[in-house]
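These notes are about the structure you will find just below.
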Ligand SMILES: [Zn+2]
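Numbering (my numbering), first residue to last: 3 to 540.
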């Protein structure tokens with residue numbers, strides 16, 4: 003019997019997202035839902051994709067993005083050039099859903115009287131003026147007005163929530179303020195936000211104590227949603243930081259998800275040999291704990307995050323004033339040299355020679371060079387070079403931190419509860435970290451095909467179903483009858499990242515087609531112009 007489908011993908015090898023062995027099958031889509039057919043099924047379809055020799059998998063779900071405002075940037079851009087490159091990089095990799103709002107930073111929620119201040123601070127983190135919204139519904143409405151190729155889901159950022167109630171200040175919250183924060187969080191979770199995230203190395207998230215986080219995570223727990231955390235330390239005190247997250251999860255009842263798990267800096271290299279068995283032990287004891295990872299030995303973040311927490315107290319204007327004060331600079335220099343209790347101190351754990359400038363829009367000549375190199379060239383102290391650059395760029399400098407070793411990256415990637423996330427930092431310009439455009443094909447090309455670290459089925463599972471389950475995305479990340487028709491078709495023999503530190507936005511090789519909601523959004527590595535993406539409400 004023959005019936006008409008919207009789309010038929012025929013002749014491919016089905017890797018269904020569950021980690022089950024690949025098998026030949028045809029896959030059809032109709033009204034946004036999938037039907038799995040025996041290979042060689044003779045059915046009618048409005049469009050046919052020939053997938054002979056190719057893998058058909060669920061569309062990838064990026065567990066960790068900062069894409070909160072990228073589509074909104076594109077809306078405002080006059081030429082659409084570089085912004086467009088940033089926007090399309092995700093879908094060209096086969097990502098059909100992005101999870102944003104990570105590391106404690108989202109575009110909502112905030113009290114109405116804080117929205118203007120939040121909007122200008124968000125410009126630095128999210129690549130331009132992308133707004134600030136009172137709640138998830140406001141954020142979703144802003145996105146709904148901008149057509150997009152893939153889907154977006156958002157966590158509630160704890161740092162944003164804190165700044166949105168009390169401002170970017172270094173002090174404990176009052177009981178009344180904490181109640182207000184819980185209410186705003188509860189409202190956004192009710193509206194469809196996917197969980198609570200924290201970024202405990204960043205201001206203002208770093209100003210929170212464990213008690214504050216337990217109270218907020220308990221709200222997420224009531225919604226059955228996870229507490230997702232960029233640990234307070236991923237370097238020399240990573241194990242203590244992991245235990246804080248475990249305590250928050252235990253006392254609040256929220257499932258725990260550790261963001262971009264790493265043990266970085268020379269004192270912590272190899273330490274995944276201790277953190278991963280600890281997580282495995284917790285899981286064996288019945289705790290719901292998972293993590294995500296990006297497949298690179300370098301990280302990327304804001305230059306201002308290299309400074310001690312007190313330097314950022316009060317937000318950008320206060321930071322700029324301190325950077326202009328030689329005595330305050332000396333205190334920062336000392337803090338980096340000697341450490342501060344409870345502060346990660348990336349530079350003290352590595353050195354300015356491991357920190358390179360990714361994006362400094364007004365000083366492109368610094369991009370791609372390390373702070374140590376810039377300091378040597380200017381015969382200046384590295385802290386002064388960093389401070390001068392921050393002042394000149396009004397705080398808007400992103401860096402790449404070459405802080406990890408390959409052995410740790412492989413160990414985390416291979417952990418059976420680790421899913422894949424890109425963690426790109428959106429900057430229209432400069433030389434962003436290549437993970438923005440290369441993460442998913444890099445796992446499939448380098449870690450599956452070349453190194454054999456993972457089977458293809460395991461790798462696809464880490465990019466699809468595992469992530470959908472973690473973030474409550476029902477009917478996604480899997481190919482089966484009735485599932486949402488989000489798919490990627492790629493060549494397992496050629497799929498690879500091409501993005502490099504020198505050319506960070508080069509699209510990958512080997513991605514033949516990407517389907518979102520039953521519509522083909524990428525064909526032969528090019529966007530088709532279809533914009534079926536939506537904001538998801540888990
Ligand atoms: Zn982070």
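A virtual CB, placed ideally from N, CA and C, is assigned to each residue, including glycine. None of the values given here were measured: they were computed from a predicted structure.
Can residue i and residue j be called in contact, C-beta distance under 7 angstroms?
{"i": "residue 469", "j": "residue 421", "result": "yes"}
{"i": "residue 348", "j": "residue 308", "result": "yes"}
{"i": "residue 168", "j": "residue 199", "result": "no"}
{"i": "residue 427", "j": "residue 261", "result": "no"}
{"i": "residue 384", "j": "residue 473", "result": "no"}
{"i": "residue 44", "j": "residue 13", "result": "no"}
{"i": "residue 66", "j": "residue 99", "result": "no"}
{"i": "residue 111", "j": "residue 136", "result": "yes"}
{"i": "residue 523", "j": "residue 93", "result": "yes"}
{"i": "residue 195", "j": "residue 158", "result": "yes"}
{"i": "residue 60", "j": "residue 401", "result": "no"}
{"i": "residue 16", "j": "residue 58", "result": "yes"}
{"i": "residue 363", "j": "residue 317", "result": "no"}
{"i": "residue 507", "j": "residue 91", "result": "yes"}
{"i": "residue 393", "j": "residue 322", "result": "yes"}
{"i": "residue 434", "j": "residue 360", "result": "yes"}
{"i": "residue 240", "j": "residue 208", "result": "no"}
{"i": "residue 278", "j": "residue 417", "result": "yes"}
{"i": "residue 525", "j": "residue 515", "result": "yes"}
{"i": "residue 11", "j": "residue 38", "result": "no"}
{"i": "residue 41", "j": "residue 27", "result": "yes"}
{"i": "residue 204", "j": "residue 238", "result": "no"}
{"i": "residue 291", "j": "residue 253", "result": "no"}
{"i": "residue 497", "j": "residue 443", "result": "yes"}
Which residues does DSSP pair with residue i in a beta bridge?
{"i": "residue 361", "result": "400"}
{"i": "residue 60", "result": "489"}
{"i": "residue 120", "result": "BP columns for residue 120 are empty, so no partner."}
{"i": "residue 421", "result": "294"}
{"i": "residue 46", "result": "6"}
{"i": "residue 194", "result": "In the DSSP output, where bridge partners are listed per residue, residue 194 has none listed."}
{"i": "residue 368", "result": "DSSP output for residue 368 lists no bridge partner at all."}
{"i": "residue 153", "result": "99"}
{"i": "residue 229", "result": "198 and 258"}
{"i": "residue 481", "result": "For residue 481, which the question treats as bridged, DSSP gives no partner whatsoever."}
{"i": "residue 51", "result": "11"}
{"i": "residue 16", "result": "25 and 58"}
{"i": "residue 529", "result": "524"}
{"i": "residue 158", "result": "198"}
{"i": "residue 544", "result": "Shown here, the chain extends from 3 to 540; a query on residue 544 therefore has no answer."}
{"i": "residue 498", "result": "511"}
The beta strand (DSSP E) spanning residue i covers which residue range?
{"i": "residue 452", "result": "Per DSSP, residue 452 belongs to no beta strand (DSSP E) and is neither H nor E."}
{"i": "residue 176", "result": "No beta strand (DSSP E) contains residue 176, which DSSP labels as neither H nor E."}
{"i": "residue 251", "result": "It is not in any beta strand (DSSP E) - residue 251 instead sits in the alpha helix (DSSP H) that spans 240-254."}
{"i": "residue 338", "result": "Counting along the chain, residue 338 falls outside any beta strand (DSSP E), though it belongs to the alpha helix (DSSP H) covering 328-340."}
{"i": "residue 29", "result": "28-32"}
{"i": "residue 1", "result": "Given a span of 3 to 540 for the chain in the structure shown, any question on residue 1 remains unanswerable."}
{"i": "residue 169", "result": "Segment: none, residue 169 is in no beta strand (DSSP E) and carries neither H nor E."}
{"i": "residue 303", "result": "301-304"}
Along the chain, where does the alpha helix (DSSP H) containing residue i start, and where does it finish?
{"i": "residue 290", "result": "Careful: residue 290 lies outside any alpha helix (DSSP H) and carries neither H nor E."}
{"i": "residue 469", "result": "467-472"}
{"i": "residue 387", "result": "384-394"}
{"i": "residue 350", "result": "348-351"}
{"i": "residue 517", "result": "That residue, residue 517, is in no alpha helix (DSSP H); its beta strand (DSSP E) goes 513-518."}
{"i": "residue 374", "result": "373-380"}
{"i": "residue 35", "result": "Run containing residue 35: none in the alpha helix (DSSP H); it sits in the beta strand (DSSP E), 35-39."}
{"i": "residue 344", "result": "Run containing residue 344: none; DSSP gives neither H nor E here."}
{"i": "residue 216", "result": "212-224"}
{"i": "residue 132", "result": "Where residue 132 is concerned, there is no enclosing alpha helix (DSSP H), given that its DSSP letter is neither H nor E."}
{"i": "residue 354", "result": "That residue, residue 354, is in no alpha helix (DSSP H); it is neither H nor E in DSSP."}
{"i": "residue 410", "result": "408-416"}
Is residue i near ligand 3, in the sense that its beta carbon is under 6 angstroms from a heavy atom of that ligand?
{"i": "residue 396", "result": "Looking at this structure, you won't find ligand 3 anywhere; what it does contain is ligand 1."}
For this session: List in chain order the residues whose CB is within less than 5 angstroms of at least one heavy atom of ligand 1.
Result: 105 and 232
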